[in-house]
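Student: Sending over a structure as structure tokens; questions will come in a sec.
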Amino acid sequence: MKHFIKNLILMTILLAAQNVFAQSLYDLKTNWRDIENKKTDVSVATGSYVLIAMVYTGCAHACPMTISKIKKIEEEFSKAKFTELKIVLASFDVKNDRPEKLKKYQAERKLNPDQWKFLAAETDDDARKLAVTLGISYKDIGDGDFSHSNAITLLDPSGNVLASINSLNADTAPLLTALQESLKKVTKK
Amino acid sequence: MNLLFGGLLILLFSTNLVWATELVNVPKGKIEAIWLSPVSKKAKSKSNQVVISVDSFNAQAFPVTVAQFKEFLVAHPEWSKNNVNLLFKDEYYLRDLDTAPEKAPVTFVTWFAAKAYCDAFGLRLPTINEWEYAAAASESKKNANREEKFLRRILNWYGEPQGESLKDVGSIYKNVYGIWDMHGLIWEWVDDFNSSFVTGESREDSSFNKDMFCGAGALSSTDKENYAAFMRFAFRSGLKGKSSVWNLGFRCVK
Numbered sequence: 001m002k003h004f005i006k007n008l009i010l011m012t013i014l015l016a017a018q019n020v021f022a023q024s025l026y027d028l029k030t031n032w033r034d035i036e037n038k039k040t041d042v043s044v045a046t047g048s049y050v051l052i053a054m055v056y057t058g059c060a061h062a063c064p065m066t067i068s069k070i071k072k073i074e075e076e077f078s079k080a081k082f083t084e085l086k087i088v089l090a091s092f093d094v095k096n097d098r099p100e101k102l103k104k105y106q107a108e109r110k111l112n113p114d115q116w117k118f119l120a121a122e123t124d125d126d127a128r129k130l131a132v133t134l135g136i137s138y139k140d141i142g143d144g145d146f147s148h149s150n151a152i153t154l155l156d157p158s159g160n161v162l163a164s165i166n167s168l169n170a171d172t173a174p175l176l177t178a179l180q181e182s183l184k185k186v187t188k189k
Numbered sequence: 001m002n003l004l005f006g007g008l009l010i011l012l013f014s015t016n017l018v019w020a021t022e023l024v025n026v027p028k029g030k031i032e033a034i035w036l037s038p039v040s041k042k043a044k045s046k047s048n049q050v051v052i053s054v055d056s057f058n059a060q061a062f063p064v065t066v067a068q069f070k071e072f073l074v075a076h077p078e079w080s081k082n083n084v085n086l087l088f089k090d091e092y093y094l095r096d097l098d099t100a101p102e103k104a105p106v107t108f109v110t111w112f113a114a115k116a117y118c119d120a121f122g123l124r125l126p127t128i129n130e131w132e133y134a135a136a137a138s139e140s141k142k143n144a145n146r147e148e149k150f151l152r153r154i155l156n157w158y159g160e161p162q163g164e165s166l167k168d169v170g171s172i173y174k175n176v177y178g179i180w181d182m183h184g185l186i187w188e189w190v191d192d193f194n195s196s197f198v199t200g201e202s203r204e205d206s207s208f209n210k211d212m213f214c215g216a217g218a219l220s221s222t223d224k225e226n227y228a229a230f231m232r233f234a235f236r237s238g239l240k241g242k243s244s245v246w247n248l249g250f251r252c253v254k
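Sequence order for the protein chains is A and B. Quick note: the first sequence uses the numbering used here, first residue 1, plus one each step. Quick note: the second sequence uses the numbering used here, first residue 1, plus one each step.
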């Protein structure tokens, strides 16, 4: 009987673990280019905790706000003594945001390329797939402008979605809580 | 001998493989895109009426059936219920697959699964513009979006209570292009469904929100023309890629 319960517990843990691993964003097969025009994937920062968001650099208002929001989250994380964060910013403006433009944008904003990874989609379909998975709506409204919703999503080192905040005004606390819970699990192991 | 051959032919045509590849042409054209940003007549006089051009494309004459989707799963077991990553399905994914009639449209499918299905046949999901353009056609006209009888059928269907199970594909109506059941059987996935959103975040949609939500009870007859399009717009805006819905299926285009 004891044996049985032990097995049952083990099985539950295994199933739970499987469940967790079955939620990796990195299972999404899409094609991207980095700022050096090398083929890459959204899993470019595997092994690190990642904040991932979608932007377009022609955007006058919401996208600089996404970047400053991410900087604020990063600050909150480092106050909580976590500094290993990477940031992946994928563009849904497939036509205009090509690698060289993203590289220029990154340099202008003085965002360290070791930490901030800008991605240019190979096709509209690649951008659309990532947006749908992250729960982001967007529409090309012409003249290089997009109307879009905003989401900043926290991933663990394997790409599992830990938490997401869905608007520029949303409280960032759920991200820090999710990070700390995930770190706790890792140290227990 | 002729009889045998004829029998074989009928047999062939009754298999789902033929359906899977049967595409009908939708010629290019222009249409007033009331689904892009459905607004009331009052708001419309101030804003722009959007007329869009749609290029010629080929569409599956029928929505994808349960039997066809089962065949797909044999070749692509990675899309079966237990193999799909939780980011790409919800708890209802393929819930009815084992019990639904073989010729009923497959439903409880996610956007990801629908895309993978089309992809496997060298096809793709239609865009909102393509789908709405093809769906505007009645039995006799290419654009019946402003026709009372055509609209009444759509709105009556939207208002119908849920049935026990879905009818077979090919049982509602065939439009002028030869495409079956664009309205009246199921809702269908479009590739860019996430470009419709009723959140207030989209600048151009705010007036439509107010008019449609606050004034929905007092719609004039002209607004009713937009109401059917609004219903689809609102439905799409509520979906996620991993949503599985009892009356939401798909068809592919090329």
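All residues carry an ideal CB built from backbone N, CA and C; glycine is no exception.
Within 7 Å of any Cβ in chain A, is that where the Cβ of Leu255/B sits?
Tutor: The requested residue 255/B does not occur in the structure, where chain B is confined to residues 1 to 254.
Student: For Trp180/B, go through chain A and note every residue whose CB falls closer than 8 Å to its CB, in chain order.
Tutor: Residue numbering aside, residue 180/B sits at position 180 when the second sequence is read from its first letter. By Cβ distance, chain A contributes nothing, its closest Cβ being about 27 Å from Trp180/B, past 8 Å.
Student: Within 10 angstroms of the Cβ of Trp35/B, are there 16 or more other Cβ atoms? Answer buried if so, exposed if not.
Tutor: As a first step, residue 35/B must be located in the second sequence, where it is residue number 35. Trp35/B comes out buried.
Student: Does any residue of chain B have a CB that is nearer than 7 Å to the CB of Thr153/A?
Tutor: Residue mapping note: residue 153/A aligns to position 153 of the first sequence, counting from 1. It does not; no Cβ of chain B falls within 7 Å.
Student: Can you tell me where the beta strand (DSSP E) with Ile31/B in it begins and where it stops?
Tutor: The residue given as residue 31/B occupies position 31 in the second sequence. Where Ile31/B is concerned, the enclosing beta strand (DSSP E) stretches over Gly29 to Glu32.
Student: Using 8 Å for Cβ pairs, my map puts Leu28/A next to Val44/A. What's the rounded Cβ distance?
Tutor: Here residue 28/A refers to the residue found at position 28 of the first sequence. Here residue 44/A refers to the residue found at position 44 of the first sequence. That pair is no contact at about 13 Å.
Student: Using a Cβ-Cβ cutoff of 9 Å, what residues of the region 108-136 of chain B are near chain A? List them in chain order.
Tutor: Trp111, Phe112, Lys115 and Arg124
Student: For Lys101/A, which of Ser68/A, Gly144/A, Asn112/A and Ala120/A has the nearest alpha-carbon?
Tutor: Within the first sequence, numbered from 1, the residue matching residue 101/A stands at position 101. It is Ala120/A.
Student: For the region 108-132 of chain A, which residues have a CB atom closer than 7 Å to at least one CB atom of chain B, in sequence order?
Tutor: Arg128, Ala131 and Val132
Student: What's the C-alpha gap between Ala216/B and Asp96/B?
Tutor: The residue labelled residue 216/B in the question sits at position 216 within the second sequence. The residue labelled residue 96/B in the question sits at position 96 within the second sequence. Only weak support exists for where Ala216/B lies, its pLDDT of 44 falling under 50; the value from the coordinates is given anyway. One C-alpha to the other measures close to 34 Å.
Student: Please state whether the Cβ-Cβ distance between Asp90/B and Ser244/B is less than 7 Å.
Tutor: For the purposes of this step, residue 90/B is taken as the residue at position 90 of the second sequence. For the purposes of this step, residue 244/B is taken as the residue at position 244 of the second sequence. A contact, by the Cβ cut-off of 7 Å.
Student: Among Val24/B, Gly122/B and Trp189/B, which one has its Cα closest to the Cα of Ser56/B?
Tutor: Here residue 56/B refers to the residue found at position 56 of the second sequence. Of the candidates Val24/B, Gly122/B and Trp189/B, the one whose C-alpha sits nearest the C-alpha of Ser56/B is Val24/B.
Student: Looking at Pro101/B and the ligand COA, is the gap between the Cβ and the nearest heavy atom below 6 Å?
Tutor: In terms of ligand content, the structure shown is empty, and the ligand COA therefore cannot be addressed.
Student: Could you give the C-beta distance for Thr110/B and Phe88/B, rounded to a whole number, given that I count them as a contact under 8 Å?
Tutor: Translated into the one-based positions of the second sequence, residue 110/B becomes position 110. Translated into the one-based positions of the second sequence, residue 88/B becomes position 88. Contact flag correct, Cβ pair sits at about 6 Å.
Student: So what's Ile52/A in DSSP terms, helix, strand or just coil?
Tutor: Position 52 of the first sequence holds residue 52/A. The answer is strand: DSSP assigns Ile52/A an E or B state.
Student: List the residues of chain B that Asp27/A touches, going by C-beta distances under 9 Å, in chain order.
Tutor: The residue labelled residue 27/A in the question sits at position 27 within the first sequence. Near Asp27/A (Cβ distances below 9 Å), the residues of chain B are Asn85, Leu87 and Phe88.
Student: Out of Ser237/B, Trp246/B and Ala33/B, point me to the one whose CA is closest to Tyr138/A's CA.
Tutor: On the first sequence, position 138 is the one that residue 138/A refers to. A check of alpha carbon separations from Tyr138/A across Ser237/B, Trp246/B and Ala33/B identifies Ser237/B as the nearest.
Student: Just tell me which of Ser182/A, Asp145/A, Ser147/A and Asp143/A has its CA closest to the CA of Ser158/A.
Tutor: Position 158 of the first sequence, counting from 1, holds the residue named residue 158/A. That would be Ser182/A, whose Cα lies nearest to the Cα of Ser158/A.
Student: Note the first and the last residue of the continuous alpha helix (DSSP H) segment covering Lys185/A.
Tutor: For the purposes of this step, residue 185/A is taken as the residue at position 185 of the first sequence. First-last of the alpha helix (DSSP H) with Lys185/A: Ala173 to Lys188.
Student: Can you give the Cα-Cα distance for Ser24/A and Asn85/B, rounded to whole angstroms?
Tutor: On the first sequence, residue 24/A is found 24 positions in, with the first residue counted as 1. On the second sequence, residue 85/B is found 85 positions in, with the first residue counted as 1. Cα to Cα, Ser24/A sits roughly 8 Å from Asn85/B.
Student: Report the residue from Asn226/B, Leu155/B and Leu185/B whose alpha carbon sits nearest the alpha carbon of Pro63/B.
Tutor: Indexing the second sequence from 1 puts residue 63/B at position 63. For Pro63/B, the nearest C-alpha among the options comes from Leu185/B.
Student: Between the alpha carbons of Thr133/A and Lys242/B, how many angstroms are there, rounded?
Tutor: In the first sequence, counting from the first residue as 1, residue 133/A sits at position 133. In the second sequence, counting from the first residue as 1, residue 242/B sits at position 242. Distance between the alpha carbons of Thr133/A and Lys242/B is about 8 Å.
Student: Just list the residues that DSSP pairs Gly249/B with in beta bridges.
Tutor: Residue mapping note: residue 249/B aligns to position 249 of the second sequence, counting from 1. In the DSSP output, where bridge partners are listed per residue, Gly249/B has Glu188/B.
Student: Going by DSSP, name the residue or residues bridged to Asp145/A.
Tutor: Position 145 of the first sequence, counting from 1, holds the residue named residue 145/A. DSSP output for Asp145/A lists Gly142/A as bridge partner(s).
Student: What residue range is occupied by the uninterrupted alpha helix (DSSP H) comprising Trp116/A?
Tutor: By 1-based counting over the first sequence, the position of residue 116/A is 116. From DSSP, Trp116/A is part of no alpha helix (DSSP H) but of the beta strand (DSSP E) over Trp116 to Ala121.
Student: Which partner residues of Val51/B appear in the DSSP bridge assignment?
Tutor: Here residue 51/B refers to the residue found at position 51 of the second sequence. In the DSSP output, where bridge partners are listed per residue, Val51/B has Glu32/B.
Student: Using C-beta distances below 8 Å, list every residue in its chain close to Asn31/A, excluding the 5 sequence neighbours before and after it, in chain order.
Tutor: The residue given as residue 31/A occupies position 31 in the first sequence. Correct list, in chain order: Lys39, Asp41, Ala121, Glu122, Thr123 and Asp126.
Student: Cβ closer than 7 Å: which chain B residues qualify as neighbours of Ser68/A?
Tutor: In the first sequence, the residue the question calls residue 68/A occupies position 68. Neighbours of Ser68/A on chain B: none; closest Cβ ~18 Å, over 7 Å.
Student: Taking its Cβ as the centre, do 16 or more other Cβ atoms sit within 10 Å of Gly142/A, making it buried, or is it exposed?
Tutor: Counting from 1 along the first sequence, the entry for residue 142/A is found at position 142. With fewer than 16 other Cβ atoms within 10 Å, it is exposed.
Student: Would you call the region 97-115 of chain A and the region 55-69 of chain A in contact, with 3 or more CB pairs under 8 Å?
Tutor: The answer is yes - the region 55-69 of chain A touches the region 97-115 of chain A, with three or more Cβ pairs under 8 Å.
Student: If the cut is a Cβ gap below 8 Å, which residues of chain B does Ser24/A touch?
Tutor: Start at 1 with the first residue of the first sequence, and residue 24/A comes out as number 24. Asn85 and Leu87, listed in chain order.
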